[in-house]
Each structure stands twice: as structure tokens, then as C-alpha cells.
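There are 2 protein chains.
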Amino acid sequence: MASGAVASAVTRFDVKRASIVGGAKDVFLRHGFEGASMDEIAAAAGVSKMTVYRYFRSKEQLFAGVIRDLCERIIDEDLERMLERRPEEALRGFARKMVAILFARDTIELHRIVIAESRRFPALGRLFYKSGPEACIAMLAAYLERHNSRRSLNLRNPRRTAEEFLELLRGYAHLRMLLGVQKTLSAREAEASIDGAVQHIFGAR
Amino acid sequence: MASGAVASAVTRFDVKRASIVGGAKDVFLRHGFEGASMDEIAAAAGVSKMTVYRYFRSKEQLFAGVIRDLCERIIDEDLERMLERRPEEALRGFARKMVAILFARDTIELHRIVIAESRRFPALGRLFYKSGPEACIAMLAAYLERHNSRRSLNLRNPRRTAEEFLELLRGYAHLRMLLGVQKTLSAREAEASIDGAVQHIFGAR
DNA sequence: AAGCGATGATACTGGATAGTATCATTTCCG
DNA sequence: CGGAAATGATACTATCCAGTATCATCGCTT
């Protein structure tokens, strides 16, 4: 009777599904949507192609599943915890974490793919924006608004300031990485971006 | 003997080539690289498919030709002329022109496609970055440095400030358009971006 | 151990499309 | 007008790949 076969949270189904999504994630991130072949995905997942199709009706469905999964993992709880300190320190911590996320290899590839495929799958672009960039903006904006009402900050438009802050963190380095012009972000560049963004809010110059 | 058949600048060859590139540009911008079929391109150019292949060895070559052509047209001389006025006015004019360029439908599509294909064609990413974004940054940086040495501005790192200025102009609206989340940029949003960027340099707050 | 559902291996179908071959036709030149 | 080069029309080849069909096999439940 094993241990509660019915009530068990993780079924064989979930395990297989996870390994398929995992393999597909690797292949999609490496070759993009068109470039990924279902045979390769099946091999990467250590699974037969038929099994892939038993879990996902089509390549599009599988792709959507992978993107959804990736979007859920982008932002962890650490990020929000960064904002619990005092303003200047909180912002620097938040910024450091954001830069690490933004410039991670997988994140760059995800941007590339979603931008590429958002014409064909408009829902995908919206899903990604909402669960990635928009979530970060909202988190920071809420923080700034909180400090605004406590008078520890005095910003005309906190939401806009939040966007500007994050925009300065991305900077052109992000575009250069999306274009393959630049391979990595040096610690020096990261610090410079962070300084620029923080100074933008505190007005130091 | 007509008008100097030999010395004539525009040959039949050039005309045909231009119409092929023109047709290809439309199709590539509408459907992306993979999505564009050579038959459709030939039809759009009003030309036989064989003729396309007589001018370009392969789809890749044709694509590269189109991107090169588009890159050359992105930045016109007007942009540089904007910087001939006095600082605040010059920057506003430059910014307005930049926003118009950045958010034009074709520019957005170009970004999308180049970002998508830069993994497969790394040279393309570099070509685009150099002749588009980098050219704009360099132009603005030179302007800021000029004013720095005249003491009409006092910036620690003009090059970085130029990047930040342009980055603030793009803002998240640009990403939203790349993702298809947002269709157009309202005049109100454009003005807000411009204000934000100009204030970032002049420190007003 | 029997039986059943889930999985694997593999070959196949059908459609799309890059690139080519062939020959008819136009266009431009002297 | 005559001839050569450029172009058009069209059919063809070869390849790649999503999705399917078939049947053998594995592993768990009872």
C-alpha cells in the first residue's frame, strides 16, 4: 500500500512531466523555438518522442509550458527581502540581485527567445512581461511609495522612478548581450550600473 | 550614345538589386528570417526567384544585405544637426528625434529580428549594434565631451552619461513594444521619457 | 505471478521550402 | 533589325521536421 498512493503530492506523472520540461528548456534555450527539434528534446529529456507527445499536444504547447515554468522561477523571494532594510542599503542590495538575475545566461536567452517569438505568440510576450519585468517594477514601485508616504523619500512619480531605476540597471550592456556583442558583465560594469541607478534616485552628482 | 553609359552611376544592375532588397526588406520585417520564404520575397520584389539567386548566393546573404541596407538608413543627418544648438534645447531636440527613430515600427521589427538571429549570425548583431545604437551613443558622447571641456557641463564620465541618457529614452516602453505588450508610444509617454532623460543630465528634481 | 497502463524504439507520412535546371521571353545595344 | 545578355516561368530535387502508427517492453498494483 506504500505511503498514501492517492494523497501523495508528487506522482510519476509529475516527475516525467518535469523531466520533459527540463530537457525542453535546455534545448529551447540553446537553439530557440524553430531551431529546436522534437527529437533532440526527447533525447535531452531522456524520454521517447511519443512520450513527449503524450504529455504535450504540440511543440507550441510544450514551448508555452517551458516559458511558463521559466517565468515562475525568475524572481525568488530573496529579491523582495532585499527591500526590508533602510533605503540606500536596500536599494543597493535590490540592485545587485537584479543585475545578477538580468544578466544570467538563461535570462538573456529567455529574453532573446520571447522577443523573437512574441510576434507569433503574442500571449507569450504578455506572460513574460507580466511575470518578469512588470513584477520587478511593481515590487520596487511599492517600496518607493511606502517611503514616499513616510516622507523618507519625496518622489513625484514613484512608479516612473522605479522604471527608470531598473532601466539604468539594464543599460546598454543588456542590449549588447542580447545582440551577442558582449559575452559577460564584469563586476566593474555591474557596480557602475548600480551606482548610476542609485544616484539617479538620491540625486547625488 | 545616351548620357555616358559607362560613367553612369545607376546601372540596371543597381536598380534590380535595389528592388530585390526592397522586397526582401518588407517580407523579412513582416515574417522574420525563418518565416520569410524566398518565393514570397521574389513575388514582393516583382522578380523571378532565379533572379534573386543571381544577385544573392543564398537566403543568408540576402538577409545580411537587407540588414546592412536598413542599418545605413536608421540614422540620418538631421540627428547630428540637432546637437548644434545650446545644451538644453539641443538635448531635447536630439531626444525627440531619437524617440521617433527608436519607436518606429520598422526599427522595432529590426530589433526583434536581429536579436532573434544574432545567435546564428553573430556578425549581424555586431553590425547592427555598431551602426545603430553605438553610433548614437558616440554622437551624444562627443557632444557631451565638447561641453565638458568648455565647462558648460561638468560630467565625470560623459560616455556613461550618454548611455544613461539614451537608456532612459528607451525605457521599458521599448521592451514592451519588442514583446508586443504595447503597440504604440503616446505623445504623453514620449514627453515623459524625454523629461526624465534631460533631468537626469541637468540634475533637476 | 498475472495483468494493465505507461513507456520505448523505430519507421513512416505529409508538408514546407531552399536551392537548381531548363527553356522561353524580354530587353537593350549596335 | 539581329543577336546576346538578362530575366521570367515552372517544374523538380533534396532535406528537414512535426506529428503519427505500431508493436515490443517495462514496472507497478493486486
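Note that the protein sequences, when read in sequence, are chains A and B. The numbering of the first sequence is the working numbering, which starts it at 15 and goes up by one. The numbering of the second sequence is the working numbering, which starts it at 15 and goes up by one. By construction, the Cβ of each residue, glycine as well, lies at the ideal position given by its N, Cα and C atoms.
Is the stretch 35–44 of chain A close to the stretch 117–128 of chain A, with three or more CB pairs under 8 Å? Remark: three or more beta-carbon pairs, one from each stretch, lie closer than 8 Å, so the stretch 35–44 of chain A and the stretch 117–128 of chain A are flagged as touching.
Which full runs of the alpha helix (DSSP H) of 4+ residues lie inside the stretch 116–155 of chain B, going along the chain? Whole alpha helix (DSSP H) segments, 4+ residues: 119–131, 136–145.
Enumerated in chain order, which unbroken segments of the alpha helix (DSSP H) with a length of 4 residues or greater are wholly contained in the stretch 25–99 of chain B? If one requires a minimum length of 4 residues, the alpha helix (DSSP H) runs lying completely within the stretch 25–99 of chain B are 26–49, 52–59, 63–69, 73–88, 91–95, in chain order.
I'd like the list of long-range same chain contacts for leucine 138/B, defined as Cβ closer than 7 Å, with 5 residues on each side in sequence excluded. Indexing the second sequence from 1 puts residue 138/B at position 124. Taking leucine 138/B as the centre and dropping the five residues before and after it, the same chain places the C-beta of Ala78, Ile81, Val128, Glu131, Ser132 closer than 7 Å to its C-beta, in chain order.
Does the distance from the C-beta atom of cysteine 85/A to that of methionine 112/A stay below 8 Å? As a first step, residue 85/A is located in the first sequence; it is residue number 71 there, counting from the start. As a first step, residue 112/A is located in the first sequence; it is residue number 98 there, counting from the start. No; because the gap between Cβ atoms is not below 8 Å, this pair is not in contact.
What do you get for threonine 198/A, buried or exposed, if any count of 16 or more other CB atoms within 10 angstroms of its CB means buried? Stepping through the first sequence from its first residue, residue 198/A is reached at position 184. With fewer than 16 other Cβ atoms within 10 Å, it is exposed.
Quick check on phenylalanine 117/A - is its C-beta less than 8 Å from some C-beta in chain B? For the purposes of this step, residue 117/A is identified with residue 103 of the first sequence, where counting begins at 1. Not closer than 8 Å to any Cβ of chain B, the Cβ of phenylalanine 117/A fails to qualify, so no.
Tell me which residues of the stretch 128–145 of chain A have at least one Cβ-Cβ distance to chain B shorter than 7 Å, keeping chain order. Those residues of the stretch 128–145 of chain A that come within reach of chain B (Cβ to Cβ, closer than 7 Å) are Val128, Ile129, Ala130, Ser132, Arg133, Pro136, Gly139, Arg140, Phe142, Tyr143.
Would proline 101/B count as contacting chain A if we go by Cβ distances under 8 Å? Numbered from its first residue, the second sequence carries residue 101/B at position 87. So, not an interface residue.
Taking 8 Å as the CB-CB limit, is valine 113/B close to chain A? Sequence index remark: in the second sequence, residue 113/B carries index 99 (1-based). No, no contact with chain A.
Under 8 Å Cβ-Cβ, which residues of chain A neighbour tyrosine 231/B? One cannot answer for residue 231/B here, as it falls past the ends of chain B, which runs 15 to 219.
Just checking my contact of leucine 193/A with phenylalanine 142/B at CB under 8 Å: how many whole Å lie between their CB atoms? Here residue 193/A is taken as the residue at index 179 of the first sequence, counted from 1. Here residue 142/B is taken as the residue at index 128 of the second sequence, counted from 1. Confirmed, about 6 Å.
Under a three-way DSSP split, which group does glycine 217/A fall into? Sequence index remark: in the first sequence, residue 217/A carries index 203 (1-based). In the structure shown, the three-state DSSP call for glycine 217/A is coil.
So, is the C-beta of glycine 79/A closer than 8 Å to a C-beta in chain B? One-based indexing of the first sequence puts residue 79/A at position 65. With a threshold of 8 Å between beta carbons, glycine 79/A makes no contact with chain B.
Through-space distance from phenylalanine 108/A to phenylalanine 92/B, alpha-carbon basis: Looking up residue 92/B in the second sequence gives position 78. Looking up residue 108/A in the first sequence gives position 94. The sequence given here has aspartate at residue 92/B, not phenylalanine. Cα to Cα, the separation comes out at about 40 Å.
Under 8 Å between C-beta atoms, does arginine 173/B make it to chain A? As a working mapping, residue 173/B is identified with position 159 in the second sequence. Chain A has no Cβ within less than 8 Å of the Cβ of arginine 173/B.
Per-residue DSSP class, three states only, for threonine 225/B: Since the first and last residues shown for chain B are 15 and 219, residue 225/B lies out of range.
Less than 8 Å between CB atoms is the rule here; does alanine 155/B satisfy it with respect to chain A? Counted from its first residue, the second sequence places residue 155/B at position 141. False, the Cβ-Cβ gap to chain A never drops below 8 Å.
Count the other CB atoms within 10 Å of the CB of serine 22/B; is the residue buried (16 or more) or exposed (fewer)? As a working mapping, residue 22/B is identified with position 8 in the second sequence. Because serine 22/B sits at a pLDDT of 45, beneath the cut-off of 50, its placement in the model cannot be relied upon, and the point is left open.
Count the other CB atoms within 10 Å of the CB of serine 207/B; is the residue buried (16 or more) or exposed (fewer)? Mapped onto the second sequence, residue 207/B falls at position 193. Looking at its Cβ environment, which holds 16 or more other Cβ atoms inside 10 Å, serine 207/B is buried.
Mapping the DSSP letters down to three states, classify serine 17/B as helix, strand or coil. Stepping through the second sequence from its first residue, residue 17/B is reached at position 3. Confidence is the limiting factor: at serine 17/B the pLDDT is only 37, short of 50, which leaves the residue's position unreliable and the question unanswerable from this model.
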